[in-house]
Amino acid sequence: LEPEIPVGIPTVIGCHGNEQHDQFNKEIRQFSALIEARYPQVMVATVEGDNPGTAPLARAREMAQPCGAVHFIPLMLVAGDHVMNDIMGDEEDSWKSQVGAGVTTCSGPAGMNEQILALYGQHLENAISGGFGGTR
Numbered sequence: 390l391e392p393e394i395p396v397g398i399p400t401v402i403g404c405h406g407n408e409q410h411d412q413f414n415k416e417i418r419q420f421s422a423l424i425e426a427r428y429p430q431v432m433v434a435t436v437e438g439d440n441p442g443t444a445p446l447a448r449a450r451e452m453a454q455p456c457g458a459v460h461f462i463p464l465m466l467v468a469g470d471h472v473m474n475d476i477m478g479d480e481e482d483s484w485k486s487q488v489g490a491g492v493t494t495c496s497g498p499a500g501m502n503e504q505i506l507a508l509y510g511q512h513l514e515n516a517i518s519g520g521f522g523g524t525r
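The numbering used here applies: residue 390 is where the sequence shown begins, and numbers increase by one.
Encoded structure:
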């Protein structure tokens, strides 16, 4: 994701999350801690679930005021309803509206990110060859 993170602009990585089974959000919380420690202008939010949920958007709003911009990176395979409406929609409850920056940009979905696609391909090759403990 590093090439997708603009310098000096607050960036929100949007994950799906799970509102019914919080144990499935563990990896998102771990990812959030790692990337936010490395990139102070980056925060991770989830469309569903409360942890981290949309609370990071308040921080994004504060950080966006001086520069007037925010960037979103959807960590979702496709740019479906969550990206088009929940994150980038024009409704007042969309993330874009909640942050309220004059300039709002958004990366393509994970399914269009060449590095992520390469990882998918690598994992698929490992699975086919039995590298993940599976059988052929």
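Beta carbons are placed, not taken as given, at the ideal position from N, Cα and C, and that holds for glycine.
- Cβ-Cβ separation between residue 499 and residue 464: approximately 6 Å, consistent with a contact (criterion under 8 Å).
- Straight across, the Cα-Cα distance linking residue 496 with residue 507 is about 18 Å.
- Partner residues in the beta bridge of residue 400, as assigned by DSSP, are 431 and 460.
- About 6 Å separates the beta carbons of residue 401 and residue 434, which is inside the 8 Å limit, making them a contact pair.
- The beta-bridge partner set that DSSP reports for residue 467 is empty.
- Within the same chain, 457 and 458 come within 8 Å of residue 491 by CB-CB distance, once the 5 residues on both sides are set aside.
- Distance from the CA atom of residue 513 to the CA atom of residue 391, rounded to whole angstroms, is 23 Å.
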